[in-house]
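Protein sequences appear in the order of chains A and B. Converting from the first sequence to our numbering requires adding 14 to each position, the first position being numbered 1. FYI, our numbering numbers position 191 of the second sequence as 187, with every residue one higher than the one before it. Every residue, glycine too, gets a C-beta built ideally from N, C-alpha and C.
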Amino acid sequence: MSIGLLIFVFVLSIFLGIELISKVPSQLHTPLMSGSNAISGITIVGAIIAAGRGAGTVSTVLGTLAVVFATINVVGGYLVTNRMLGMFKQKEGGKS
Amino acid sequence: MTLPNIVVDIGYIVASILFIMGIKMLGKPQTARRGNMVSAFGMLIAVVITLLVGGLSYTWIIVGLLIGSAIGAIVAKVVKMTSMPEMVALFNGFGGIASLLVGWAEFQSSPDMTLFTAVAILFAVLIGGVAFSGSMIAWGKLSETMSGKPFLFAGQQIVNGLIVIGIVVSGVLFAIDTTAPVAYTYFMIFAALSLILGVMGVIPIGGGDMPVVISLLNSYSGLAACAAGFIILNNVLIVSGALVGASGIILTSIMCKAMNRSLTNVLFSGFGAAPAASAGKIEGEAKPVSAEDAYYILEAARSVAFVPGYGMAVAQAQHAVRELGELLENNGAEVRYVIHPVAGRMPGHMNVLLAEANVPYDQLAEMDDVNPIMDTVDVCMVIGANDVVNPDARENEGSPIYGMPIINADFARTVIILKRSLGSGFAGIPNPLFFKENTRMLFGDAKQSLSSLVAEFKEE
Chain A
15 MSIGLLIFVF VLSIFLGIEL ISKVPSQLHT PLMSGSNAIS GITIVGAIIA
65 AGRGAGTVST VLGTLAVVFA TINVVGGYLV TNRMLGMFKQ KEGGKS
Chain B
-3 MTLPNIVVDI GYIVASILFI MGIKMLGKPQ TARRGNMVSA FGMLIAVVIT
47 LLVGGLSYTW IIVGLLIGSA IGAIVAKVVK MTSMPEMVAL FNGFGGIASL
97 LVGWAEFQSS PDMTLFTAVA ILFAVLIGGV AFSGSMIAWG KLSETMSGKP
147 FLFAGQQIVN GLIVIGIVVS GVLFAIDTTA PVAYTYFMIF AALSLILGVM
197 GVIPIGGGDM PVVISLLNSY SGLAACAAGF IILNNVLIVS GALVGASGII
247 LTSIMCKAMN RSLTNVLFSG FGAAPAASAG KIEGEAKPVS AEDAYYILEA
297 ARSVAFVPGY GMAVAQAQHA VRELGELLEN NGAEVRYVIH PVAGRMPGHM
347 NVLLAEANVP YDQLAEMDDV NPIMDTVDVC MVIGANDVVN PDARENEGSP
397 IYGMPIINAD FARTVIILKR SLGSGFAGIP NPLFFKENTR MLFGDAKQSL
447 SSLVAEFKEE
């Protein structure tokens, strides 16, 4: 994939992100932050490749460590966000 | 098993779309929980696709995935809601260090790279490193493992400047020839300085400014993932990393606006390190009130507004607040919870705690909605909040927080303040609200004070 295309995608995504998030009620700031934090664990894709491509011991160790950290970020991040959002309720009787 | 390229590409596109939809849904209370699941599903697809790309040996990947999942799941399950800010900081730091390691592993396995890749690696290491060490310091401050006070020393800016110069020089030297034997040394220096920069960046920032720092670090870890995407030329990393980067920046600017301060001011001023000299004299006398008298005031109130702050989190008083709120409602009063955008230690901190205590979210009001009608509120109860209700921000140009939007608690007919003592907030700024004519101070631990109020109500 050409580098120019990647940069193109990057710039558009930044704008998309800004559009998506500019109007969020403040009660959702924490879940949004922790939910998007979980998404930043997407680096797990790079980590998996680094750990699995068999490019020498040091590389594999670094990659495996990266997988561990990224997975904590992903799994922990999504679960904590889910737990938090589970607590947001409307008035009794109403469903959340 | 090896997937054809087109399947891989489509898989990554689907994952990206799910992330986008997930973030969009996270922005609305009704769909937020599903949004989080949608985004988690996107992550699952991205991971599965990557595993099936082919040519990978699974042993260590699986080891890493299992260890990481176990730790993540356990931690997410046992963490208390009051510890949520430091938890988010910790997870965030782990994302950052993962990106740093991906960059390092890439350099380690194939030092012969294009200049573009070298620069991408440098960015992943720099941003990932800063996100990691910065988050660790933020975690330390939030969990009170270390002091939450700003840490300043003479020549701090000079030291920071030298670190930045060191980062630039070692980065350039590294990128000039990544295959030279000495490149490894430059790389290690670069990585070490990046980590130090993160530490230096966060230690001068006080606990009360943490909402800004956390959202900024959150943005960094996204951008680090983005840089990792440029290393392995992968769109899904770039898209999702950029989304997180943008969302973090926006939250950061919302937080800064809520404090009427620029990002530079938050990051470099060491706000609140020195007590404000020009804060002006405070006139009047604080009027303490007993729980019983406070009960009579509340009993007669037709509308009550609670203003929670970090003190409520410290005292774990959220359940007691809700109980009192319910009793007041049964007593015929209209009850609202007014939440300042930077109350607490992370964006939306108070909302999470009150939600944990089963406060329905339609009772949670934003500052701008309640301020115009504050003079119709009979009793405003301030629970462990301080600077966000400080009228000096509105009236006293000499005050360090002058211009910060506040909740106009003092406009309510009566203000009851639950507080341990007359001490100032994190920034050491005196609060004239405590001495106003219509203010009553209910001294003591917030949770105990609330419980005795609840007891008073139940006796009737």
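What are the boundary residues of the beta strand (DSSP E) that residue i is part of?
i	result
Tyr333 (chain B)	330 to 335
Ile412 (chain B)	410 to 415
I need the boundaries of the alpha helix (DSSP H) containing residue i, first residue and last residue.
i	result
Ile246 (chain B)	231 to 255
Val375 (chain B)	Here Val375 (chain B) belongs to no alpha helix (DSSP H); instead the beta strand (DSSP E) covers 375 to 379.
Ile86 (chain A)	Ile86 (chain A) -> no alpha helix (DSSP H), and no H or E assigned at all.
Asn156 (chain B)	152 to 172
Arg341 (chain B)	Counting along the chain, Arg341 (chain B) falls outside any alpha helix (DSSP H), and DSSP gives it neither H nor E.
Tyr216 (chain B)	206 to 227
Ile58 (chain A)	58 to 66
Gly64 (chain B)	55 to 74
Val38 (chain A)	Neither: Val38 (chain A) is in no alpha helix (DSSP H) and is coded neither H nor E.
Trp50 (chain B)	With the sequence shown as reference, residue 50 (chain B) is identified as Gly, and Trp is not the correct amino acid for it. First-last for Gly50 (chain B): undefined, no H or E at that position.
Gln314 (chain B)	314 to 326
Gly355 (chain B)	Before going on, a small fix: residue 355 (chain B) reads as Val here, not Gly. No alpha helix (DSSP H) contains Val355 (chain B), which DSSP labels as neither H nor E.
Which of the three DSSP states, helix, strand or coil, is assigned to residue i?
i	result
Ser299 (chain B)	strand
Ala405 (chain B)	helix
Arg436 (chain B)	strand
Gly107 (chain A)	Confidence in Gly107 (chain A) is poor, its pLDDT being 41 and thus under 50, which makes the residue's placement unreliable; the coordinate value appears in the next sentence. If DSSP states are grouped into helix, strand and coil, Gly107 (chain A) belongs with coil.
Leu349 (chain B)	helix
Glu140 (chain B)	coil
Ala361 (chain B)	strand
Pro426 (chain B)	coil
Pro45 (chain A)	helix
Pro107 (chain B)	coil
Pro25 (chain B)	coil
Pro200 (chain B)	coil
Pro396 (chain B)	coil
Ser274 (chain B)	Low local confidence applies: a pLDDT of 44 at Ser274 (chain B) is under 50, so the model's placement there is unreliable, with the coordinate-based value given in what follows. In the structure shown, Ser274 (chain B) sits in coil (DSSP, three-state: anything other than H, G, I, E or B).
Ser12 (chain B)	helix
Pro284 (chain B)	strand
Pro146 (chain B)	coil
Pro304 (chain B)	strand
Phe102 (chain A)	coil
Val385 (chain B)	helix
Ser50 (chain A)	helix
Thr(-2) (chain B)	coil
Thr72 (chain A)	Per the sequence presented here, residue 72 (chain A) reads as Val, with Thr not at that position. In the structure shown, Val72 (chain A) sits in a helix (DSSP, three-state: H, G or I).
Thr113 (chain B)	helix
Which residue wins for smallest C-alpha separation from residue i, given the options the options?
i	options	result
Met142 (chain B)	B:Leu(-1), B:Gly202, B:Val155, B:Val165	B:Gly202
Ala80 (chain A)	B:Tyr54, B:Ile41, B:Trp100	B:Trp100
Gly244 (chain B)	B:Ser215, B:Gly440, B:Ala223, B:Ser258	B:Ser215
Val366 (chain B)	B:Gly23, B:Val300, B:Asn1	B:Val300
Tyr529 (chain B)	B:Asp374, B:Val378, B:Ala238, B:Glu281	Residue 529 (chain B) falls outside the range modelled here, since chain B spans only -3 to 456, and no answer is possible.
Phe264 (chain B)	B:Gln26, B:Leu148, B:Ala127, B:Thr55	B:Leu148
Ala28 (chain B)	B:Pro337, B:Leu(-1), B:Gly18	B:Gly18
Ser211 (chain B)	B:Val44, B:Gly197, B:Val240	B:Val240
Ser48 (chain A)	B:Leu86, B:Cys252, B:Ser258	B:Leu86
Pro401 (chain B)	B:Leu446, B:Pro146, B:Ala223, B:Ala339	B:Ala339
Ser417 (chain B)	B:Phe15, B:Ala282, B:Gly7	B:Ala282
Leu317 (chain B)	B:Gly194, B:Ala451, B:Ser35	The sequence shown places Val at residue 317 (chain B), not Leu. Ranking B:Gly194, B:Ala451, B:Ser35 by Cα distance to Val317 (chain B) puts B:Ala451 first.
Determine, for residue i, whether the minimum Cβ-Cβ distance to residues of chain E falls below 8 Å.
i	result
Ala114 (chain B)	No chain E appears in this structure, whose protein chains are A and B.
Please list, in chain order, the residues of the stretch 47 to 68 of chain A that have any C-beta partner in chain B closer than 9 Å. The stretch 47 to 68 of chain A vs chain B, Cβ under 9 Å: Met47, Ser48, Gly49, Ser50, Asn51, Ala52, Ile53, Ser54, Gly55, Ile56, Thr57, Ile58, Val59, Gly60, Ala61, Ile62, Ile63, Ala64, Ala65, Gly66, Arg67, Gly68.
Taking Cβ-Cβ distances below 9 Å as the criterion, which residues of the stretch 235 to 261 of chain B are in contact with chain A? Cβ proximity to chain A below 9 Å picks out Val235, Ser236, Gly237, Ala238, Leu239, Val240, Gly241, Ala242, Ser243, Gly244, Ile245, Ile246, Leu247, Ile250, Met251, Ala254 from the stretch 235 to 261 of chain B.
Any chance the stretch 157 to 167 of chain B sits against the stretch 124 to 139 of chain B, with 3 or more Cβ pairs inside 8 Å? No, the stretch 157 to 167 of chain B is not in contact with the stretch 124 to 139 of chain B.
Is there contact here, the stretch 58 to 74 of chain B with the stretch 278 to 297 of chain B, by at least three beta-carbon pairs under 8 Å? Flag = no, the stretch 58 to 74 of chain B and the stretch 278 to 297 of chain B do not touch.
Three CB pairs or more closer than 8 Å across the stretch 18 to 29 of chain A and the stretch 179 to 191 of chain B: No, because fewer than three Cβ pairs between the stretch 18 to 29 of chain A and the stretch 179 to 191 of chain B fall closer than 8 Å, the two stretches do not touch.
Touch check for the stretch 39 to 59 of chain B and the stretch 50 to 60 of chain A: three-plus C-beta pairs under 8 Å? Yes: the two stretches touch, three or more of their Cβ pairs being nearer than 8 Å.
contact_flag[the stretch 317 to 330 of chain B, the stretch 65 to 75 of chain B] where n(CB pairs < 8 Å) is 3 or more: Not touching, per the Cβ criterion.
Select from the stretch 138 to 165 of chain B all residues with a C-beta closer than 8 Å to any C-beta belonging to chain A, and list them in chain order. Residues are counted here when their Cβ sits less than 8 Å from a Cβ of chain A; for the stretch 138 to 165 of chain B the count is zero.
Do the stretch 88 to 97 of chain B and the stretch 114 to 131 of chain B meet, that is, are 3 or more Cβ pairs less than 8 Å apart? Judged by Cβ distances under 8 Å, the stretch 88 to 97 of chain B makes contact with the stretch 114 to 131 of chain B, as three or more pairs qualify.
If you pair each beta-carbon of the stretch 224 to 231 of chain B with each one of the stretch 352 to 366 of chain B, do three or more pairs fall below 8 Å? Result no; under three Cβ-Cβ pairs closer than 8 Å.
For the stretch 405 to 415 of chain B against the stretch 426 to 440 of chain B, do three or more pairs of beta-carbon atoms, one drawn from each stretch, fall closer than 8 Å, so that the two count as touching? Short answer: they touch.
Count the C-beta pairs between the stretch 33 to 48 of chain A and the stretch 340 to 348 of chain B that are closer than 8 Å, then say yes if the count reaches three, no if not. At 8 Å Cβ cutoff, the stretches touch.
When you check each C-beta in the stretch 72 to 90 of chain A against every C-beta of chain B, which residues fall closer than 7 Å? Taking 7 Å as the Cβ-Cβ cut-off against chain B, the residues of the stretch 72 to 90 of chain A that qualify are Val72, Ser73, Thr74, Leu76, Gly77, Thr78, Leu79, Ala80, Val81, Val82, Phe83, Ala84, Thr85, Ile86, Asn87, Val88, Val89, Gly90.
Any chance the stretch 377 to 393 of chain B sits against the stretch 304 to 319 of chain B, with 3 or more Cβ pairs inside 8 Å? At 8 Å Cβ cutoff, the stretches touch.
Segment contact flag, the stretch 248 to 255 of chain B with the stretch 71 to 91 of chain A, C-beta cutoff 8 Å, min 3 pairs: Between the stretch 248 to 255 of chain B and the stretch 71 to 91 of chain A there are fewer than three C-beta pairs closer than 8 Å, too few to call the two in contact.
Contact set between the stretch 207 to 232 of chain B and chain A, restricted to residues whose Cβ is under 8 Å from the partner: Against chain A - using a Cβ distance shorter than 8 Å - the residues of the stretch 207 to 232 of chain B are Ile210, Ser211, Asn214, Ser217, Gly218, Ala220, Ala221, Cys222, Ala224, Gly225, Phe226, Ile227, Ile228, Leu229, Asn230, Asn231, Val232.
Any C-beta of chain A within less than 8 Å: which residues of the stretch 41 to 64 of chain B qualify? Within the stretch 41 to 64 of chain B, the qualifying residues are Ala42, Val43, Thr46, Leu47, Val49, Gly51, Leu52, Ser53, Tyr54, Trp56, Ile57, Val59, Gly60, Leu61, Ile63, Gly64.
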